[in-house]
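Enquirer: The sequence shown begins at 5 in my numbering and counts up one residue at a time.
Just so you know, even glycine gets a beta-carbon here, dropped at the ideal spot from N, CA and C.
Since this is a predicted model, take the numbers as computed values, not measurements.
Let me begin by handing over the structure; questions about it come next.
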Amino acid sequence: METLIETQSVEVVKTGTLEKTGEEYSLVLLSAQHIPQIIALQDIAFADLTEQEKTFLLRKDSEFFKKHFTEGNAVLGIVHDGKLISQSVIVNPTAENPKTGIPDMELTKILDKVTVLQCVIVDPAYRGNRLMSVMVDEWLQLSHEKGRTQVLCEVALENSYSWSVFLKNGLHIERISVDPVDNAEVYTLHGELPALSKVFNKSAKKVISCPQKDIAQQKELLAKGYRAAKFDPANGNLEFRPAPKKAPCPKNG
């Protein structure tokens, strides 16, 4: 399958330039007619992953995307030189369609405020252009505009590039759990718009550093009410801070 896309067939949200070449790209909203290109890019990305990295990406089929669009959800894409080079899936649950892809979260009372970003993919040929950050930024902007103030995502513990991008954008690590689909341990990250990481400012002096590889200590800190809000790649430590007393996120499970 091909990733070729005609720009006139998509809704262009904004344009930008690739950091490596300075060439222009378009950030777009894809639709059901682009499912073949979405699947094709997914295949390209998956083929380039190592066996360990393949647990980072849960592949979706055409039926998933047909249902996804029918339920009013969205897919962000980045198009360069007529090709789809990056994409991410946005799930905005409703009472009629409550599934978020994140199990065991008590979301029933706030479904209309929740948004989840899934399946962030960048064509391997375009890595190093900060395209994931571009899509995360736009997801947060769109969510704020639509009143989806509770932003969530789930990332494999080993996928440090992805979860560090979410931390930089102001989300925090809310819990560690096991994904029931592939049994991989994952971080659930959460943020509340528009404040995001600012909710931790009052607890800035109460910082506990924990090695990212020390999962046991992280679980202990999370159980005590701490949340990881920052990552220092120089020493490999996550910075944990007390969660706000009126934290809006569902209970840690």
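#1: Using three-state DSSP, classify Asp236 as helix, strand or coil.
#2: Looking only at its own chain, which residues have a Cβ that is under 7 Å from the Cβ of Leu225, when we skip the five neighbours before and after it?
#3: What are the boundary residues of the beta strand (DSSP E) that includes Tyr130?
#4: Which partner residues of Phe244 appear in the DSSP bridge assignment?
#5: What does the alpha-carbon distance come out to for the pair Ala78 and Ala238?
#6: Cβ of Gly86 within 9 Å of Cβ of Val14?
#7: Taking contact to mean 3 or more Cβ pairs, one atom from each stretch, closer than 8 Å, check whether the stretch 179–192 and the stretch 95–114 are in contact.
#8: Quick one: using the 10 Å Cβ neighbour count with 16 as the cut-off for buried, is Asp127 buried or exposed?
#9: Going by the beta-carbon positions, is the gap between Val155 and Leu197 smaller than 9 Å?
#10: Could you tell me the alpha carbon to alpha carbon distance between Leu111 and Val124, rounded to whole angstroms?
Expert: With the given structure in hand:
#1: Translated into positions along the sequence shown, residue 236 becomes position 232. Of the three classes helix, strand and coil, the one that applies to Asp236 here is strand, per DSSP.
#2: The count along the sequence shown starts at 1 and reaches residue 225 at position 221. The residues are Ile212, Cys214, Phe244.
#3: Numbered from 1 along the sequence shown, position 126 holds the residue referred to as residue 130. Premise fails: Tyr130 is in no beta strand (DSSP E) and is neither H nor E.
#4: For the purposes of this step, residue 244 is taken as the residue at position 240 of the sequence shown. According to DSSP, which records beta bridges pairwise, Phe244 is partnered with Ile212, Ala232.
#5: Walking along the sequence shown from the start, residue 78 turns up at place 74. Walking along the sequence shown from the start, residue 238 turns up at place 234. Rounded to whole angstroms, the gap between the alpha carbons of Ala78 and Ala238 is 36 Å.
#6: Reading the sequence shown from its first residue, position 82 is the one you call residue 86. Reading the sequence shown from its first residue, position 10 is the one you call residue 14. Not a contact, by the Cβ cut-off of 9 Å.
#7: Contact between the stretch 179–192 and the stretch 95–114 is present, because at least three Cβ pairs lie under 8 Å.
#8: Here residue 127 refers to the residue found at position 123 when the sequence shown is read from its first residue. Flag for Asp127 reads buried.
#9: Counted from its first residue, the sequence shown places residue 155 at position 151. Counted from its first residue, the sequence shown places residue 197 at position 193. Cβ distance < 9 Å, so Val155 and Leu197 count as in contact.
#10: Mapped onto the sequence shown, residue 111 falls at position 107. Mapped onto the sequence shown, residue 124 falls at position 120. Rounded to whole angstroms, Leu111 to Val124 spans 23 Å at the Cα level.
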